[in-house]
Amino acid sequence: MSTTPTQAASAMKQYGGSFARALAEAWFAADTVNQQRIEQAFPDFFLRYAALSETVAEGA
């Protein structure tokens, strides 16, 4: 299964710490160009929460 940045950001918002939640809020508020900038600046967060999103989806 391939997780989208939207799913990763949603997982950040739901399961992340204060920084991850703030990053997700910024991502959702951004236009597509700035969303890509955020993803490129913090790839580790998007990878980590994409994996978490997949794990949660498999358990559903």
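For what it's worth, my numbering labels the leading residue of the sequence shown as 11, then goes sequentially. Positions of the beta carbon are idealized from the N, C-alpha and C atoms, including for glycine. Remember, it's a predicted structure, so these values are computed and weren't measured experimentally.
Top-ranked residue by Cα proximity to residue i, from the options
{"i": "residue 33", "options": "17, 60 and 23", "result": "23"}
Test item: CB-CB of residue i and residue j under 8 Å
{"i": "residue 60", "j": "residue 48", "result": "no"}
{"i": "residue 18", "j": "residue 52", "result": "no"}
{"i": "residue 15", "j": "residue 50", "result": "no"}
Sequence-distant residues of its chain with Cβ nearer than 8 Å to residue i (five each side left out)
{"i": "residue 72", "result": "Residue 72 is absent from the model: the chain starts at 11 and stops at 70."}
{"i": "residue 38", "result": "19 and 23"}
Sequence-distant residues of its chain with Cβ nearer than 6 Å to residue i (five each side left out)
{"i": "residue 21", "result": "59, 62 and 63"}
Residue i versus residue j - alpha carbon distance
{"i": "residue 65", "j": "residue 42", "result": "26 Å"}
{"i": "residue 31", "j": "residue 25", "result": "8 Å"}
{"i": "residue 54", "j": "residue 69", "result": "23 Å"}
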